[in-house]
Structure formats: structure tokens, C-alpha cells
Amino acid sequence: MNLSCSFLNIVIVLAFTTSSGKKFHRLTVHCVKKYFLLFVLNLLPIFHTNTFTNPFSDSTLQEGDIVFRRKRSAINCDSSCFWPKSSDGLVKVPVNVSTEFCKTWIAEAMQEFTTLTCVQFINRTTETNYISVVPGESCWSHFGKIGGMQQVGLMKTGCMSKGAIQHEMNHALGFLHEQSRSDRDNYVKIMWEYVIAGEQGNFGKVNSNNLGLPYDYSSVMHYGANDFSNTSGKATIVPIPDPSVPIGQREGLSNLDVAKINKLYNCCSNVLHKPNDTFSSVNYPSSYPDNSNCLWLIRIPQHQIFLQFDAFDLQPSPDCTSDYIRVYDGSSRNSSVLLDKLCGMGSLPSLVASRNVMLVEFVSDEATAATGFQASYSQGEDSASFTELGDISNFCLANIHVQN
Ligand SMILES: [Zn+2]
């Protein structure tokens, strides 16, 4: 009798052990030993990740590209799954990118996190916990921080679009697929009859923490309509009630992707896209918090941006090295500066961006004694067409293979 150690067998064996022969008893002991050994083995990579290189040896691949440790639930990721925030308010995630890649292009994809969120992907030097981006035969990532070195696999010919890279990095930050949200049935219908046999697990639904933010058809974390379809032209995911809503874009982080990262990591950065709006430092008009590093990316359609500060009160310091405001004429900290470090009190002149994008940065140190600022912006009267040129280098475009 060749009984295996399935859960059902264990139950049967335990139920009959007292009244059955030694064979069942031996099986029970054998199975308990086996499961204890598996338990111990499963823990080992968690604590010895520096010598652990095969990402699948102790893991299971779920939802197509997410690697879960057996001991970790995708649902119950606690704070240890998240990357820590440093004293300057930034979440610095060390990354090492394989020399086999065009690093410029991957850096462009990661730069968008840096610009729009408080998550900063930095070059890994000696940090213990870090992401290693390696070539893969598929595109995959672990879920959240696992401790030690953790790999992100990118297929050179399949997932080098900006959004696809961001998708995998976002898994490593602790995000699941958008269509696996607990409330997804209100927004999409899964067409099970068109899902490739054996791939149904990619369309599971989990008891997710939705952060109080809306379902996002535009998320880089959303599958495309025809992913895992067994029939050409037949969608596996259909948005409801409007089936024509596009899903599965991999062009770049959506507004809600950004909002969710900032919410999960308790950041204060935002993307403002209304033609006119008002924004302020955290807690305004009460004192702003210590060690904050907040960004407001104003990105409106086709018009220049006019910005004015309605109130301004920042802790003064020599050369404004403690707390300061800085405004950029573009979408990143690499853009030209419209207003360099400014602190203290008083009225500021209005600022005009040369295009439809402006970035406002607010930094505070560990000691605060001021109320912060409030600012408003509006679009210009002109009808000239401005588009965001972006900062994408053409250096590596020949090596890019965009995901279909
Ligand atoms: Zn994924």
C-alpha cells in the first residue's frame, strides 16, 4: 500500500490510528516528519537569501508572474512585506540591474516612480535587502519585500515596455493584479470559457486591501482583455458595463497607480490633472510634518501652467537647507528649475511653466515650526498646443521590444 502524505490521507490516518495497525501508525509518523522537514526547508531561504539563487525552488508561481513564498499569504502581507521609509520620508529600494540589459531604458521606467512617488529606486551598493533585475524566460517578480536579494525577471523580447517593467517592480513593492481585487466583479467579467485550460489560476480574486481607492482600468497592474485566451479574438476579461473600456495598458503608471503607491507607503506626492486646482502642504494650515518630501506633478492638457502661492510660511534657514520649496519646469527633478530653494515667509511671484507640465517639490527636515503653503494653478488662455515631451533617451530604443 503506497499511501502518500496528502492532507486527506493524514486526516484518514489520524482518524484510524488508534484502532488500526502499525502500518498506519508508521505512515502518520512518516508524514509528520515529512511536513516538519518541509516546514523547516521552507523557512531556510527566508533567512539565507544571500545564498539562495533559484527563485522557484521554494516558491509557487501564481497569477502568471507573481512568485509567492509558500509561507506567505498574498492577502496577509504585513508591514514586513513593505520597503522601509528612511528619515527623509523617502522609501529607498536598492536595485541592481544585470549588465545584459539596456540600463538606460529600465532606469527610465524606474524614474517615473522616483518622480511621482516617494519610492526611490537607487543603485544597490552594500544593502542587504535589494532587488536584482535579471534576464528571464518570462516576466515575473516576488510579491513585496522578501528580505535579502530578490529577483525580478524581465524577458528581453517580451516585457521591456515601460509599463511592463513598472508592473513587475510594482509587484515587488507589494501590489497584486488589479483584476484580482476583492471588488473586481463589479467592474469586470471573467470569461472563463475562453481562459486557456490550466490558466484559470491567473484570474483568481483575493481579499485585497484596496486602500480606499477606486478600481483602475488604466492600471499597469491590470491584465489585457485577451490575456490567456484560448480563442483568437475572444476576450478573457470584459469591463462592465462598458466592454469597450481599454484595459492592460503598459505605457506607464496611471494616476491611480501613483496614488496607490503613495497611499500604501504613506507618501504625500500627487498628480494633479484638472485644468485648475488648489493644493497645500500636509496638515495646512496646521504645522506640516517632519521629514516629509512631497511632490505635486501638475500635468494638464495642452496649455501652459500658471502657478501662484496663496500662502507661504516655511521654517527659515541659511540657504534654505532645512525646509524648502522648489519648482521645476518639467516632469522630473532633472528638469530646469523655475524657482530654486525658497523658505521663510512672504508673498511669491507667479510662476509660468513653458509647457503643460510643472513639478512642485516640498522638503522638510526633522524640526518644523511653520504652517507650510497653499498654492493654486490655472491653465493659460492661449490655444497653443503643448505636449509633454518626456525625458526618454533614444540611446537604447534599438534594443526595446514592446510587449504585444
Ligand atoms: Zn503581474
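What the sequence shown shows, in mature numbering (1 follows the signal peptide of the UniProt record, and there is no 0), is residues -21 to -1, 1 to 383, in sequence order.
Idealized CB from N, CA, C, for every residue including glycine.
Treat the numbers as computed from the prediction; the structure is a model and nothing was measured.
Of the heavy atoms belonging to ligand 1, at least one sits nearer than 8 Å to the Cβ of Ser120.
Segment contact: the region 218 to 230 against the region 71 to 88, fewer than three CB-CB distances shorter than 8 Å; contact not assigned. Looking at the DSSP output, Met337 sits in a beta bridge with Ile277. The C-beta of Trp171 has fewer than 16 other C-beta atoms within 10 Å across all chains shown, which makes the residue exposed. Annotation for Val174: Phe182, Phe207, Asn209 and Thr215 place their beta carbon closer than 7 Å to its own, counting only its chain and skipping 5 residues before and after. In this structure, the C-beta of Asp44 approaches ligand 1 to less than 8 Å from one of its heavy atoms. Taken through DSSP and simplified to helix, strand or coil, Thr107 comes out as coil.
Its chain contains Val76 as the residues whose beta carbon lies nearer than 7 Å to that of Lys82, once the 5 sequence neighbours on both sides are disregarded; these appear in chain order. As computed with DSSP, Ser77 is found in no beta bridge at all. At a Cβ-Cβ threshold of 9 Å, Leu190 and Lys242 count as neighbours. Sequence-distant Cβ neighbours of Lys320 in its own chain, meaning closer than 6 Å and more than five residues away, are Cys299, Tyr303 and Arg305.
The residues Ile279, Pro280, His282, Ser357 and Gln358, in chain order, have a CB closer than 8 Å to that of Pro254 in the same chain once the five nearest residues on each side in sequence are set aside. The beta strand (DSSP E) runs of length 3 or more contained entirely in the region 212 to 265 are, from start to end of the chain, 216 to 218, 249 to 251 and 256 to 259. Taking the C-beta atoms as reference points, Tyr267 is found no nearer than 9 Å to Ile226.
Judged by DSSP in its simplified three-state form, Gly191 adopts coil rather than helix or strand. For Asp289, same chain residues with a beta-carbon under 7 Å away, outside a window of 5 residues either side, are Gln353, Ala354 and Ser355 in chain order. In this structure, Ile284 keeps its C-beta atom at 9 Å or more from the C-beta atom of Phe92.
Taking C-alpha positions only, His201 is separated from Leu95 by approximately 19 Å.
The beta-carbon distance between Cys273 and Ser259, rounded to whole angstroms, is 10 Å. This is too long to meet the 8 Å contact definition. Scanning the region 114 to 196 for uninterrupted alpha helix (DSSP H) segments of 4 residues or longer gives 141 to 152, listed from N- to C-terminal end.
DSSP places Ser59 within a helical segment (H, G or I) once states are collapsed to three. Here Ala346 is actually not in contact with Leu293; their C-beta atoms are around 12 Å apart, not less than 8 Å.
For His156, the shortest C-beta to heavy atom distance toward ligand 1 is below 8 Å. In terms of Cβ geometry, Phe122 and Gly153 form a close pair [threshold 9 Å]. Secondary structure at Gln353: strand, using DSSP grouped into helix, strand and coil. Pairing Leu318 with Ser310, the inter-Cα distance amounts to about 14 Å. Take the alpha-carbon of Val74 and the one of Gln129: they are about 10 Å apart.
Just measuring C-alpha positions, the residue of Ile45, Glu116, Lys124 and Thr105 sitting nearest Cys60 is Lys124. The closest heavy atom of ligand 1 lies less than 8 Å from the beta carbon of Glu147. Within a 10 Å sphere around the beta-carbon of Asn335 sit 16 or more other beta-carbons, which makes this residue buried. Bridge pairing for Gln358: Ile284 [DSSP]. Taking C-beta separations shorter than 8 Å and ignoring five residues to either side along the sequence, the partners of Val224 in its chain run Tyr196 and Pro218, following chain order. Taking every protein chain shown into account, the CB of Ala176 has fewer than 16 other CB atoms within 10 angstroms, so this residue is exposed.
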